[in-house]
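Engineer:
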Amino acid sequence: MGYSYSRQTVEKVVDELAKRRQNAVNTAEARKEEMYKSCPQLEEIDKALSLTGMKIYAEALKGTDGLEKRIKALEKESRDLLDDKKRILKLKGKPENYLDINYSCEKCGDTGYIGIKMCTCMKKALAKCAYESSGLGYALSKQGFDNFDLGYYSDVKDKDGISPRDNMAYVLSEAKEYVKNFGKSKDGAQNLLFVGKTGLGKTHISTAIAKGVLDKGCDVVYDTMQNIMHIYEKSKFAKDETASLETARYLDATLLIIDDLGTELKSAFSQKVLYNLLNTRIISGKATIINTNLDGAKAFKEQYDDRINSRLIGNFRTFNFYGEDIRLKKAKENNAKKRK
Ligand SMILES: Nc1ncnc2c1ncn2[C@@H]1O[C@H](COP(=O)(O)OP(=O)(O)OP(=O)(O)O)[C@@H](O)[C@H]1O
Ligand SMILES: [Mg+2]
Ligand SMILES: [Zn+2]
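Residue 1195 in this note's numbering sits at position 163 of the sequence shown; the count goes up by one each step and never skips.
(1) Given a cut-off of 8 Å, decide if Ser1036 and Gly1249 are closer than it, judged by their beta-carbon atoms.
(2) Are the stretch 1164-1177 and the stretch 1251-1264 touching by the rule of at least three beta carbon pairs closer than 8 Å?
(3) Nearest by alpha-carbon distance to Gly1233: which of Pro1072, Glu1075, Gly1355 and Lys1108 is it?
(4) Hey, could you find the ends of the beta strand (DSSP E) Phe1226 is sitting in?
(5) CA-CA distance, Lys1087 and Asp1078?
(6) Please list, following the chain, all residues that have a C-beta closer than 7 Å to any non-hydrogen atom of ligand 2.
(7) Confirm, please, whether the CB-CB distance from Tyr1264 to Val1305 is below 8 Å.
(8) How is the alpha helix (DSSP H) around Asn1311 delimited, first residue to last?
(9) CB-CB under 7 Å to Asn1341, same chain, minus the five flanking residues each way: which ones, in chain order?
(10) Check whether the stretch 1175-1184 touches the stretch 1044-1060, taking contact to mean three or more Cβ pairs, one atom from each stretch, closer than 8 Å.
(11) With distances taken from each beta carbon to the nearest heavy atom of ligand 3, which residues come in below 7 Å, in chain order?
(12) Alpha helix (DSSP H) containing Tyr1163: first to last residue?
(13) Could you check whether the Cβ of Tyr1184 sits closer than 7 Å to any heavy atom belonging to ligand 1?
(14) In the DSSP assignment, find the unbroken beta strand (DSSP E) run with Phe1351 in it and report its ends.
(15) Excluding the five sequence neighbours on either side, which residues of its own chain have a C-beta within less than 8 Å of the C-beta of Tyr1336, listed in chain order?
(16) Which residue comes first and which comes last in the beta strand (DSSP E) that contains Ile1321?
(17) Taking only three categories from DSSP, how would you classify Leu1360?
(18) Compute the Euclidean distance between the alpha carbons of Glu1273 and Leu1287, then round it to the nearest angstrom.
(19) Let me know the beta strand (DSSP E) ranges lying completely inside the stretch 1250-1293, each 3 residues or longer, listed in chain order.
(20) Out of curiosity, what's the CA-to-CA distance linking Lys1149 and Leu1158?
(21) Kindly indicate the opening and closing residues of the alpha helix (DSSP H) around Ile1241.
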């Protein structure tokens, strides 16, 4: 799968690399200036060394007769010059590569590419930047699949013979499948709707999915519904430019996670924004994950108009979260630990 980081992310990283490259060159230049001043002989040596290539070329033009010998002599001259240079630098208490350009990444010379292949340093920088701009930041390291514990859900079966733990095991395995297949489906993007009471792991599991998708090199944006509305208001009514860039990201992200749907103030404006956001993303084949406490068709009907509900039902796979509030359970565990 190709890279689909946002334009902002790519531009930021390319800028960063250019800065690193320039820094490395500037540092070397500054050192040269400092050393040449205190030791003009070094400048002579560097000048002579810079002529080596041309001298070899000139020798080659003179004909092939004894060429090898003449080149060997030139090479010795260069080696001696280099030895002199090292000796002088050592005398001045400097390391022997003091005047070389020291790139942060030696493999690519801070260009980000080795031939046409992207260097690992650039891949890492892109991933880091995408993590930071996802809106999840620190949460990505705290809420993953690896620390999602099914033990928090009761294994007491209900009348249908399914326990909350069975249910969550299913949700968890589907979430992992989702990451595995992300971007591969020919039928377009898959959208998920996580429904359930507070503290049951909706945000946790969506963060884990976000991390998996980010690690595939995709642009992920997370935000709460309240914040999304706030940004749209700023963009529309205050004509805030940063806010407008943010709204563009909600539309463009390869994966958008809308948390706490239904907690925003209900208004004609919020309906319009959500409708437009969902509809645009569905049409352009972009994936959306929504978390909500809204319970049942009635709650959805009260909050949203038919056009929104129809899309939530028709274009999203719904997963129900049930069990006991894990946030509370964990708080109790922590208190018990502190008391000991
Ligand atoms: N299965 C789990 N294993 C370990 N920790 C969990 C699990 N589920 C949730 N948690 C933790 O419990 C807390 C609450 O979970 P989370 O925020 O995901 O709930 P939520 O369903 O999003 O709740 P809300 O509806 O209030 O937003 C978080 O700190 C989360 O990391
Ligand atoms: Mg949540
Ligand atoms: Zn590199």
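Yeah, the Cβ is synthetic: ideal placement off N, Cα and C, and Gly gets one too.
Just so we're clear, the structure is a prediction, and the values are computed from it rather than from any experiment.
Structural biologist: Judging by the given coordinates:
(1) Here residue 1249 is taken as the residue at index 217 of the sequence shown, counted from 1. Here residue 1036 is taken as the residue at index 4 of the sequence shown, counted from 1. It is a contact, given that the beta carbons lie within the stated cut-off.
(2) The stretch 1164-1177 vs the stretch 1251-1264: in contact.
(3) Translated into positions along the sequence shown, residue 1233 becomes position 201. It is Gly1355.
(4) Within the sequence shown, residue 1226 is the residue found at index 194, counting from 1. Element bounds for Phe1226: Asn1223 to Gly1228.
(5) Along the sequence shown, read from residue 1 onward, the residue named residue 1087 stands at position 55. Along the sequence shown, read from residue 1 onward, the residue named residue 1078 stands at position 46. The alpha-carbon atoms of Lys1087 and Asp1078 are separated by roughly 14 Å.
(6) Having a Cβ closer than 7 Å to some heavy atom of ligand 2 are Lys1234, Thr1235, Asp1291, Asp1292 and Asn1323.
(7) In the sequence shown, residue 1305 corresponds to position 273, counting from 1. In the sequence shown, residue 1264 corresponds to position 232, counting from 1. One thing to note: Val1305 has its Cβ within 8 Å of the Cβ of Tyr1264.
(8) Within the sequence shown, numbered from 1, the residue matching residue 1311 stands at position 279. Ala1300 to Ile1315 is the extent of the alpha helix (DSSP H) around Asn1311.
(9) As a working mapping, residue 1341 is identified with position 309 in the sequence shown. Setting aside the 5 residues that flank it on each side, Asn1341 is surrounded in the same chain by Phe1332 and Lys1333, each with a C-beta closer than 7 Å to its C-beta; the list follows chain order.
(10) Verdict: no, contact absent.
(11) Per the Cβ criterion, the list is Cys1137, Lys1139, Cys1140, Asp1142, Gly1144, Cys1151, Thr1152, Cys1153 and Met1154.
(12) Here residue 1163 corresponds to residue number 131 of the sequence shown, with the count starting at 1. Annotation for Tyr1163: the continuous alpha helix (DSSP H) segment containing it runs Thr1152 to Ser1165.
(13) Residue 1184 sits at position 152 when you count from the first residue of the sequence shown. Under cutoff, so the answer is yes.
(14) Within the sequence shown, residue 1351 is the residue found at index 319, counting from 1. Bounds of the beta strand (DSSP E) holding Phe1351 are Phe1348 to Phe1353.
(15) Position 304 of the sequence shown, counted from the first residue, corresponds to residue 1336. Once the five neighbours on either side are set aside, the close Cβ partners of Tyr1336 are Gln1303, Leu1306 and Leu1344.
(16) Reading the sequence shown from its first residue, position 289 is the one you call residue 1321. Here the beta strand (DSSP E) through Ile1321 covers Ala1319 to Thr1324.
(17) Indexing the sequence shown from 1 puts residue 1360 at position 328. Of the three classes helix, strand and coil, the one that applies to Leu1360 here is helix, per DSSP.
(18) In the sequence shown, the residue the question calls residue 1273 occupies position 241. In the sequence shown, the residue the question calls residue 1287 occupies position 255. Approximately 23 Å between the Cα atoms of the pair.
(19) The stretch 1250-1293 contains these whole beta strand (DSSP E) runs: 1252-1256 and 1287-1293.
(20) Stepping through the sequence shown from its first residue, residue 1149 is reached at position 117. Stepping through the sequence shown from its first residue, residue 1158 is reached at position 126. Lys1149 and Leu1158: Cα-Cα distance of roughly 14 Å.
(21) Along the sequence shown, read from residue 1 onward, the residue named residue 1241 stands at position 209. It spans Lys1234 to Leu1246 - the alpha helix (DSSP H) in which Ile1241 sits, taken as one unbroken run.
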